[in-house]
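Okay, so here's the structure we're looking at.
Number of protein chains: 2
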Amino acid sequence: MTGVPEIRAGDDLVELLGDAVAATAGGAAENDIVVVASKVVSKAEGRRATQDPTPGDESAALALVTGFDPGQVELILSESKAVLRAALGVLVVETKHGFVCANAGVDRSNTGEAGTALLLPEDADASAERIRQGLTARFGVGLAVLVSDTFGRPFRHGLVNVAVGVAGMGAVRDYRGQLDSEGRGLKGTELAVADELCSAAELVMNKLDRVPAAVIRGYPHEPAAGSGRALLRDPAHDYFR
Amino acid sequence: MTGVPEIRAGDDLVELLGDAVAATAGGAAENDIVVVASKVVSKAEGRRATQDPTPGDESAALALVTGFDPGQVELILSESKAVLRAALGVLVVETKHGFVCANAGVDRSNTGEAGTALLLPEDADASAERIRQGLTARFGVGLAVLVSDTFGRPFRHGLVNVAVGVAGMGAVRDYRGQLDSEGRGLKGTELAVADELCSAAELVMNKLDRVPAAVIRGYPHEPAAGSGRALLRDPAHDYFR
Numbered sequence: 001m002t003g004v005p006e007i008r009a010g011d012d013l014v015e016l017l018g019d020a021v022a023a024t025a026g027g028a029a030e031n032d033i034v035v036v037a038s039k040v041v042s043k044a045e046g047r048r049a050t051q052d053p054t055p056g057d058e059s060a061a062l063a064l065v066t067g068f069d070p071g072q073v074e075l076i077l078s079e080s081k082a083v084l085r086a087a088l089g090v091l092v093v094e095t096k097h098g099f100v101c102a103n104a105g106v107d108r109s110n111t112g113e114a115g116t117a118l119l120l121p122e123d124a125d126a127s128a129e130r131i132r133q134g135l136t137a138r139f140g141v142g143l144a145v146l147v148s149d150t151f152g153r154p155f156r157h158g159l160v161n162v163a164v165g166v167a168g169m170g171a172v173r174d175y176r177g178q179l180d181s182e183g184r185g186l187k188g189t190e191l192a193v194a195d196e197l198c199s200a201a202e203l204v205m206n207k208l209d210r211v212p213a214a215v216i217r218g219y220p221h222e223p224a225a226g227s228g229r230a231l232l233r234d235p236a237h238d239y240f241r
Numbered sequence: 001m002t003g004v005p006e007i008r009a010g011d012d013l014v015e016l017l018g019d020a021v022a023a024t025a026g027g028a029a030e031n032d033i034v035v036v037a038s039k040v041v042s043k044a045e046g047r048r049a050t051q052d053p054t055p056g057d058e059s060a061a062l063a064l065v066t067g068f069d070p071g072q073v074e075l076i077l078s079e080s081k082a083v084l085r086a087a088l089g090v091l092v093v094e095t096k097h098g099f100v101c102a103n104a105g106v107d108r109s110n111t112g113e114a115g116t117a118l119l120l121p122e123d124a125d126a127s128a129e130r131i132r133q134g135l136t137a138r139f140g141v142g143l144a145v146l147v148s149d150t151f152g153r154p155f156r157h158g159l160v161n162v163a164v165g166v167a168g169m170g171a172v173r174d175y176r177g178q179l180d181s182e183g184r185g186l187k188g189t190e191l192a193v194a195d196e197l198c199s200a201a202e203l204v205m206n207k208l209d210r211v212p213a214a215v216i217r218g219y220p221h222e223p224a225a226g227s228g229r230a231l232l233r234d235p236a237h238d239y240f241r
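Here it is, written out as structure tokens:
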């Protein structure tokens, strides 16, 4: 969708997204999935740091390791509960929400206000649910909302979009207990469909074109409350921390 | 595409895929991206182990750790160059090709022959290029081909589809050196679009529906030779091995 204007704190994101859905897709259809970039959610929610905090000892030490500005490191740590890896140009943390990503998702590009930084939404599931309720009320159809962000990953080069907030659908599609076409039980086949849907949406939500939302129509999903937390691996079953 | 029959070793995969493209999409259009499940590529190429090899000492030890059958572990190791993690129910390796994944991609479900295992294509880039050349010759249009497989990942729960073979397009879209809308240089923004395209295709290539291929139309990409190797993170910049 290209009709979404530059978002500012306090803007009614539901109304602006709804206008864009109405303009480009002729309104929402039953079971549509609306994917919204976390950046615009953060802008609307005022999740912006206008200046970097005073760095403490840990930030000063990590700034030496990473080559980052100490105040910027302090801002990252203020959004984090653990540092997983630090190296030159690299600071991978677990955020307060439980996401493992670079720089706690603190975003300094295309912020809309030079010199400031955008933080991840405080609770992206709640953000997704607010948008879902608003769009459902406006268009009178059931739909799902995903809040997406761009993450790196171990082993594989390049970034992909994943879901940080989910409302109105299950984040994971579970094939366990079903039989394959030879009658053999499938195991370990839980597909992270919310992440795949966000990756699909990224292909039309080009970073430079400023298209902060997309509508996915025709993907069959069961209505469910949904949560991005279902996409967080249990640390006890995470062998790469 | 639902018109692809059960594939057997020696089958002309290009012809069968071409028939399915012709039946469901009315033929290929310029710049179409054809995504094919690695499983059918492996079947057509005869990448099948009909019995497990005799386990050596390392496999016997890893079988105790993982709870897997020792012969099945030996088969996994025969496809691997390094073991990254072993735990109960978990064996993450680096394959001969450089992919980091569970069980070296050895696949025992929906193999088409009970009691056998399918191995990843020997060279999935070459497989993709053969299919690309064949479909280009048949339909007279330029297109790209991705060979996809289903991988787990650290930190995040659930599996996603990624590209193991790429032909006809760049696997990574590179925004580095471009400026954001505030004139600030974007850094670190290389998007793994081939992975995102495979994730998008997975949403219609349901594991149980046996839809082993999909056509993505309308995604703007620059023709390029392309390689799935571009999606392998340099181990020197991988902080989670």
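Those sequence lines, one after another, are chains A and B. Counted from 1, the first sequence has number 234 at position 234 by my numbering; the numbering is strictly sequential. Counted from 1, the second sequence has number 86 at position 86 by my numbering; the numbering is strictly sequential. Glycine residues also receive a C-beta, built at the ideal position from the N, C-alpha and C atoms.
Simplified DSSP assignment, three categories, for residue i
i: I7 of chain A; result: coil
i: N242 of chain B; result: Since the first residue shown for chain B is 1 and the last is 241, residue 242 of chain B is missing from the structure and cannot be characterised.
i: T136 of chain A; result: helix
i: E15 of chain B; result: helix
i: A63 of chain B; result: helix
i: D238 of chain A; result: coil
i: R272 of chain B; result: Nothing can be reported for residue 272 of chain B: it is not among the residues displayed for chain B, which extend from 1 to 241.
i: L88 of chain A; result: coil
i: D195 of chain B; result: helix
i: P223 of chain A; result: strand
i: A25 of chain A; result: helix
i: L203 of chain A; result: coil
i: G71 of chain A; result: helix
i: G56 of chain B; result: coil
Opposing strand residues paired with residue i [DSSP bridges]
i: V215 of chain A; result: A:V34
i: V162 of chain B; result: B:D149
i: E94 of chain A; result: A:A82, A:V100
i: R156 of chain A; result: B:L232
i: G119 of chain B; result: Reading off the sequence shown, one finds Leu at residue 119 of chain B, where the question assumed Gly. DSSP, once it has assigned bridges, lists no residue as partnering L119 of chain B.
i: R48 of chain A; result: A:L118
i: E190 of chain A; result: A:D174
i: A167 of chain B; result: B:V145
Neighbour list for residue i in chain A, Cβ cutoff strictly below 8 Å
i: L203 of chain B; result: V193, E196, L197, A200, Y219
i: V85 of chain B; result: The amino acid occupying residue 85 of chain B in the given sequence is Arg; Val does not appear at that position. Those within 8 Å of R85 of chain B in chain A are Y239, F240.
i: V40 of chain B; result: Correct list: empty, because the minimum Cβ distance to chain A is about 13 Å.
Neighbourhood of residue i by C-beta distance below 6 Å, restricted to the same chain and skipping five residues each side
i: G170 of chain B; result: A224, G226
i: V41 of chain A; result: P121, S127, V147
i: L13 of chain B; result: A44
i: P212 of chain B; result: V4, A37, V40
i: T189 of chain B; result: Y175
i: I7 of chain B; result: V40, K43, A44
i: G46 of chain A; result: A9
i: V204 of chain B; result: A214
Beta-carbon proximity list for residue i, same chain, < 7 Å, skipping 5 on both sides
i: S78 of chain B; result: P53
i: A86 of chain B; result: L62, V65, T66
i: G26 of chain B; result: none
i: L84 of chain B; result: V92, V93, E94, V100, R241
i: D107 of chain A; result: K39, A117, L118
Contact set between residue i and chain B, taken where Cβ atoms lie within less than 8 Å
i: E190 of chain A; result: H157, G158, L159
i: V73 of chain A; result: Under the 8 Å cutoff, chain B gives no residues; its nearest Cβ is about 16 Å from V73 of chain A.
i: V162 of chain A; result: R156
i: V4 of chain A; result: Those do not exist, as V4 of chain A stays about 13 Å from chain B at its closest Cβ, beyond 8 Å.
i: V172 of chain A; result: H157, G158
Where residue i meets chain B, residues with beta-carbon distance less than 9 Å
i: A82 of chain A; result: Residues of chain B passing the Cβ test: none, with the nearest at roughly 12 Å.
i: L232 of chain A; result: F155, R156, H157
i: V65 of chain A; result: Residues of chain B passing the Cβ test: none, with the nearest at roughly 12 Å.
Closer than 8 Å to chain C by CB, residue i
i: V147 of chain B; result: Among the protein chains in the structure shown, which are A and B, there is no chain C.
Cβ separation of residue i and residue j, assumed to be a contact under 8 Å, to the nearest whole Å
i: A20 of chain B; j: V35 of chain B; result: In fact, because the Cβ distance is near 12 Å, the residues do not count as touching under 8 Å.
i: G228 of chain A; j: G165 of chain A; result: 5 Å
i: R233 of chain A; j: R233 of chain B; result: At roughly 19 Å, the Cβ-Cβ gap does not stay under 8 Å, so R233 of chain A and R233 of chain B are not in contact.
i: N161 of chain B; j: E196 of chain A; result: 7 Å
i: E202 of chain B; j: L191 of chain A; result: 7 Å
i: L135 of chain A; j: G56 of chain A; result: Between G56 of chain A and L135 of chain A the Cβ distance is about 42 Å, and since that is not below 8 Å, they are no contact.
i: A163 of chain A; j: C198 of chain A; result: 5 Å
i: A28 of chain A; j: V141 of chain A; result: 5 Å
i: A49 of chain A; j: L16 of chain A; result: In fact, because the Cβ distance is near 23 Å, the residues do not count as touching under 8 Å.
i: G158 of chain A; j: L231 of chain B; result: 6 Å
Residues near residue i by beta carbon distance below 8 Å, same chain, minus five either side
i: S80 of chain A; result: V93, E94, T95, K96, A104
i: P220 of chain B; result: N31
Contact list for residue i against chain B, beta-carbon separation under 7 Å
i: V92 of chain A; result: Y239
Partner residues on chain A for residue i, Cβ-Cβ distance less than 7 Å
i: V100 of chain B; result: F155
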